[in-house]
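Enquirer:
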Amino acid sequence: MTEQATQNVDVFGDENSVKVAGRDINITEQYYSQEAPDFLTPNLDTYKPPEYESPRFARKLVDRLEGDRLLLLSGSTEIRKSAFARHLSWKLSAKLQPSYGAIEVKEWRHSSDTRNLATIIEETEPVTIFILADLEPQHVYSDLHRLRQATRGQHYVVCSTDIGLDAWQLDNASKHFCQELILDEVFDEAFLERVLQKELKKYRTSLPKPFNNGTTLPEMPLIDGVSIQDISAKLGTPDNISIFIDMLRKESDAIDKETLNNLIETCNDPGRGVRQIFQTLPDIDSRLLSLGFSFLAGLPDDQAFAGIEQIYLQAWKARDNTLRMPDYCDFDLLHAFFSLVKTDGGLTLVENRFQEQRRLLLKAAWRSHRRQILAALPVLAHLVAQSVASNAAAVDREIFGSRERRRRFRDAAADTLSDIGLISADAAEDTLLSLAADKEFGVQAVAARAMARWRRYGADEQLFGRIEKWQRSAYATNFIRGIFEGEEAKRTAKPEDFIRATIALVIGYAAQYDPKNALSERLARLMDDFAIDPSPLVRDRFHRHTLPQVVALHVVSMEEQLRRMIKHLDPALDSAIASSLAYAYRVDAPAVTTILDNWYQETTRNRASHEFAERESLLVTIVLTHGLLDYGDDGSALVTDPGAGRLKEILEKERHPLVREAVIVAIAELAKRDFNRFSGMLKSLITKATLEEKDKFVRILERIFLKEREDLEGGEDWVDLNSRSYPLWFDKERPLTSIEKALLGWIRDGFGDTVAQQIAFDCSVRFQGIFQRAETARIEQIRDERIRAQVDSLARDEDEAKQSAASHVNTPWFIPWWVTKGNEFKPVIRNLLPRALSYKETQEDALKTVLERWSYSNIDPGEDNTNIKRIAGYLKKALRFK
Numbered sequence: 011m012t013e014q015a016t017q018n019v020d021v022f023g024d025e026n027s028v029k030v031a032g033r034d035i036n037i038t039e040q041y042y043s044q045e046a047p048d049f050l051t052p053n054l055d056t057y058k059p060p061e062y063e064s065p066r067f068a069r070k071l072v073d074r075l076e077g078d079r080l081l082l083l084s085g086s087t088e089i090r091k092s093a094f095a096r097h098l099s100w101k102l103s104a105k106l107q108p109s110y111g112a113i114e115v116k117e118w119r120h121s122s123d124t125r126n127l128a129t130i131i132e133e134t135e136p137v138t139i140f141i142l143a144d145l146e147p148q149h150v151y152s153d154l155h156r157l158r159q160a161t162r163g164q165h166y167v168v169c170s171t172d173i174g175l176d177a178w179q180l181d182n183a184s185k186h187f188c189q190e191l192i193l194d195e196v197f198d199e200a201f202l203e204r205v206l207q208k209e210l211k212k213y214r215t216s217l218p219k220p221f222n223n224g225t226t227l228p229e230m231p232l233i234d235g236v237s238i239q240d241i242s243a244k245l246g247t248p249d250n251i252s253i254f255i256d257m258l259r260k261e262s263d264a265i266d267k268e269t270l271n272n273l274i275e276t277c278n279d280p281g282r283g284v285r286q287i288f289q290t291l292p293d294i295d296s297r298l299l300s301l302g303f304s305f306l307a308g309l310p311d312d313q314a315f316a317g318i319e320q321i322y323l324q325a326w327k328a329r330d331n332t333l334r335m336p337d338y339c340d341f342d343l344l345h346a347f348f349s350l351v352k353t354d355g356g357l358t359l360v361e362n363r364f365q366e367q368r369r370l371l372l373k374a375a376w377r378s379h380r381r382q383i384l385a386a387l388p389v390l391a392h393l394v395a396q397s398v399a400s401n402a403a404a405v406d407r408e409i410f411g412s413r414e415r416r417r418r419f420r421d422a423a424a425d426t427l428s429d430i431g432l433i434s435a436d437a438a439e440d441t442l443l444s445l446a447a448d449k450e451f452g453v454q455a456v457a458a459r460a461m462a463r464w465r466r467y468g469a470d471e472q473l474f475g476r477i478e479k480w481q482r483s484a485y486a487t488n489f490i491r492g493i494f495e496g497e498e499a500k501r502t503a504k505p506e507d508f509i510r511a512t513i514a515l516v517i518g519y520a521a522q523y524d525p526k527n528a529l530s531e532r533l534a535r536l537m538d539d540f541a542i543d544p545s546p547l548v549r550d551r552f553h554r555h556t557l558p559q560v561v562a563l564h565v566v567s568m569e570e571q572l573r574r575m576i577k578h579l580d581p582a583l584d585s586a587i588a589s590s591l592a593y594a595y596r597v598d599a600p601a602v603t604t605i606l607d608n609w610y611q612e613t614t615r616n617r618a619s620h621e622f623a624e625r626e627s628l629l630v631t632i633v634l635t636h637g638l639l640d641y642g643d644d645g646s647a648l649v650t651d652p653g654a655g656r657l658k659e660i661l662e663k664e665r666h667p668l669v670r671e672a673v674i675v676a677i678a679e680l681a682k683r684d685f686n687r688f689s690g691m692l693k694s695l696i697t698k699a700t701l702e703e704k705d706k707f708v709r710i711l712e713r714i715f716l717k718e719r720e721d722l723e724g725g726e727d728w729v730d731l732n733s734r735s736y737p738l739w740f741d742k743e744r745p746l747t748s749i750e751k752a753l754l755g756w757i758r759d760g761f762g763d764t765v766a767q768q769i770a771f772d773c774s775v776r777f778q779g780i781f782q783r784a785e786t787a788r789i790e791q792i793r794d795e796r797i798r799a800q801v802d803s804l805a806r807d808e809d810e811a812k813q814s815a816a817s818h819v820n821t822p823w824f825i826p827w828w829v830t831k832g833n834e835f836k837p838v839i840r841n842l843l844p845r846a847l848s849y850k851e852t853q854e855d856a857l858k859t860v861l862e863r864w865s866y867s868n869i870d871p872g873e874d875n876t877n878i879k880r881i882a883g884y885l886k887k888a889l890r891f892k
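Remember, this note's numbering sits 10 above the position in the sequence shown when you count from 1.
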């Protein structure tokens, strides 16, 4: 089994888990949003004075952040806003320390999974300052209100973005949280002079003339009338000043005006600066190492080194055996490109020093080192494929040692492939196709993300051209067929299926680059096309990834398109649409509620059909959506949400089996999430079900019970059942699971509710019946082992030991069954007695155990168990007479 264990499309011919066999209804499980975003604790020492010079502007922003709890830094791309955000976080934590003590600071590490940022912030308990650096609109669904709400008036969130505010499409209220940074206001002349003077003083002994004179005043001419003041103003930012100092330290001769101007121009042009630094690296080893770190920037240092070693061994040393394997001493030569940034969590990350450095460095190296770059791509693809294997950590602990490391490696590989594709799409194509040919979602997703990311740089034509080429050209199909050579007989999916499955993933990622509720027309047309694809592999990708991801961001604009998809009368697609709407509900609950209201009103205006027609398909979608909606921790939204009433009304009125099946599935989803929370609603709904539907509901509850039973803590031993281990109690009373307690309440408090009592009784007996034989056998075995260990003589024989052990099984549970009669119990006994008599014939031991447990005075601690005891007593007496 791989990490993508939720994805079970078998391309080698086994049963497909997303198939709607016999037109049964199944909930579409999403696998794109299961990972929680990763936060680390940054080391802010380098972002506080004197290491980081604080602009005067910073104090105002800190005051504003303290009051508003949320601040989004935008504006000039020449300002490294991520560093400024860290500085503001340090200043805020220092300001708040007298009131709160030491405050936690958490920084989001960018990854392919960003969909739960607000939720993670909301669920954090201690007061925390969150840094969301380099934020883009799709990371938070262009919804700053939700982000502000997530602070709960407790946390602080400081964000930075290089995306213009126009692309964010914010309303006036959201713009209040934004601060557009203007270069001259943040870094005035006096500030820049101080920064340059400090850097010159720090490195004076390693600088060429005339910069090695530490006594020069800012306004005094230094080189042909050019002063420190002039140089700092032309450099414009602290980052450019830092790069300028690095470049100065490499100069051995005295600096003249022409050299000075050249250095300043290079610092102000990142592309030129990266190219010049790369070309001046001393040897092939350092240039290749810079490429390696460029591929894997953002990863922990040990992981990056281990990945680069694999590229050396499998690609570069095969081309030149004289190359040295890199080590940390070689990193010193690359300090102009990369920094080793320590976190408070013990990690050391490899960080780029220039914005967009990977793309600029690859472009700078393309003419001279293209073959080396291309030779590394198959190695990256191979490592990506290894990263999803179940034994990945054992293969290479440094690269794949944790789930987070594996995911981070895939993200870095996707970004690298994307940047190479921007330089030459043809050069990256074979690697992208080899990833597309893999049956694992995690591998295909790397190719998909790489291609979709082209839209970030406005390369839409390149993306859509490549999508069309892959579907029409024979090259892509033949390439994948060549990879499959020798396996065709085992595969049910064709090369075209793998291509379209990957394109389906591309659509989902590419849609994130459109403004909210403004899906590109070309992507919308592709959505319509892929919605009716017959391939199980393509349908899996489209249903479980593409559709929910696109709908979450564009739900309002997609209402009509989703409605058209429902006309295909495909229950599996209906389920996928329902899952997508339920996910979008977390982002825009009012919009989803309006859509469901509109659609339900439409069904009431149309006549029911004996066939599975459009109306029934729409009802299935509505019903499944209500079963999946997130009602909040306390379920309070159920009070106002019409879903409960709709489900009940549909069970009362609708006769089509698939519609009714959908209601049972919806009820099951609610029960699985939290049976206690939805208990009253479920009890109300199930009264309208048929006998067959009630039996399905009981089987669903059995599965919930087994999961809860497996998770119980405090067992004295274990019992094995169907290849799973469950805790076992023999000297003590087993604690009830949550679902057992809730069902006991249905019996205890359900006078007059005959259906609910019957179901609760059925479940109690059937739950016990699942374990009766296995538990009894295991307890007998344990008793035998104990007795044999304690026998000191032959006074006891084996038969006595077994008899003693068997009789002791239910001893702690037995309490005399006779209780005072009461007429009010007659309807209950009349209701449950037929079920008890049935189980006496089929599961007598389980029935006896349940009734004995009910007779126990403390069966459900904290509750009044008098009624349960009396019901058990009357049933036992009635069964004796029978």
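Just so it is clear, CB atoms sit at the ideal spot from N, CA and C, and this is done for glycine as well.
#1: Looking at the strands, I want to know which residues DSSP matches up with residue 188.
#2: Buried or exposed, going by whether 16 or more other CB atoms sit within 10 Å of the CB of residue 216?
#3: Can you grab the Cα-Cα spacing for the pair residue 719 / residue 713, in whole Å?
#4: Buried or exposed: which applies to residue 589, given that a residue is buried once 16 or more other Cβ atoms fall within 10 Å of its Cβ?
#5: Would you tell me roughly how many angstroms separate the C-alpha atoms of residue 6 and residue 425, rounded to the nearest one?
#6: What residue from 50, 681 and 785 has the CA that sits closest to residue 902's CA?
#7: What residues in its chain sit with their C-beta under 7 Å from that of residue 542, if we drop five residues either side in the sequence?
#8: Tell me where the alpha helix (DSSP H) around residue 256 begins and ends.
#9: Relative to the C-alpha of residue 245, which residue among 279, 748, 843 and 55 is closest?
#10: Just tell me which of 448, 478, 468 and 517 has its CA closest to the CA of residue 490.
#11: Starting from residue 389, trace the beta strand (DSSP E) in both directions and tell me its first and last residue.
#12: Please return the same chain residues whose Cβ sits closer than 7 Å to the Cβ of residue 563, not counting the five positions on each side in sequence.
#13: Cβ of residue 97 versus every heavy atom of the ligand MG: is any distance shorter than 7 Å?
#14: Looking at residue 888: is its Cβ nearer than 8 Å to the Cβ of residue 857?
#15: Determine, using beta carbons only, whether residue 96 and residue 57 come nearer to each other than 8 Å.
#16: Helix, strand or coil for residue 310 per DSSP?
#17: Return the CA-CA distance between residue 663 and residue 575, expressed in angstroms with no decimal places.
#18: Assuming residue 189 contacts residue 102 under a Cβ cut-off of 8 Å, what Cβ separation, rounded to an integer in Å, is found between them?
#19: Mind checking whether residue 398 and residue 452 have CB atoms under 8 Å apart?
#20: Could you pull the start and end residues of the beta strand (DSSP E) that residue 850 belongs to?
#21: Taking 7 Å as the limit between beta carbons, can you name the residues of its chain near residue 395, skipping five residues before and five after?
#22: What is the DSSP secondary structure of residue 90, reduced to helix, strand or coil?
#23: Using the beta-carbon count (16 or more within 10 Å), is residue 335 buried or exposed?
#24: List the endpoints of the continuous alpha helix (DSSP H) containing residue 721.
#25: Where residue 208 and residue 60 are concerned, what is the direct C-alpha to C-alpha distance, given to the nearest angstrom?
#26: Just the C-alpha distance for residue 267 and residue 233, rounded to the nearest angstrom, thanks.
#27: Within the continuous beta strand (DSSP E) that includes residue 727, where are the two ends?
#28: How long is the line joining the alpha carbons of residue 671 and residue 584, rounded to whole angstroms?
#29: By DSSP, does residue 151 sit in helix, in strand, or in coil?
#30: Measure the Cβ-Cβ separation of residue 942 and residue 408 and say whether it is below 8 Å.
#31: According to the Cβ coordinates, are residue 637 and residue 606 closer than 8 Å?
#32: Pick out whichever of 546, 133 and 552 has its Cα sitting closest to the Cα of residue 540.
#33: Evaluate residue 773 with the Cβ neighbour count: other Cβ atoms within 10 Å of its Cβ, from every protein chain shown; 16 or more gives buried, anything less gives exposed.
#34: Which residue comes first and which comes last in the alpha helix (DSSP H) that contains residue 206?
#35: Can you say whether residue 511 is buried or exposed, counting buried as having 16 or more other CB atoms within 10 angstroms of its CB?
#36: Can you give the Cα-Cα distance for residue 610 and residue 710, rounded to whole angstroms?
Expert: For this structure:
#1: 82
#2: exposed
#3: 10 Å
#4: buried
#5: This structure gives no information on residue 6, because the portion of the chain shown stretches from 11 to 892.
#6: A query on residue 902 cannot be resolved here, the shown segment of the chain reaching from 11 to 892 and no further.
#7: 578
#8: 248 to 259
#9: 279
#10: 448
#11: Taken as a continuous stretch (DSSP letters only), residue 389 belongs to no beta strand (DSSP E), being part of the alpha helix (DSSP H) at 367 to 397.
#12: 148, 151, 521, 522 and 526
#13: With respect to the ligand MG, the structure shown offers nothing to examine, as it has no ligands at all.
#14: no
#15: yes
#16: strand
#17: 25 Å
#18: With a Cβ gap of about 14 Å, residue 189 and residue 102 do not count as contacting.
#19: yes
#20: Not the beta strand (DSSP E): residue 850 falls in the alpha helix (DSSP H), residues 836 to 852.
#21: 448 and 453
#22: coil
#23: exposed
#24: 701 to 721
#25: 10 Å
#26: 6 Å
#27: 727 to 731
#28: 13 Å
#29: coil
#30: Nothing can be reported for residue 942, as the shown portion of the chain is limited to 11 through 892.
#31: no
#32: 552
#33: buried
#34: 199 to 212
#35: buried
#36: 27 Å
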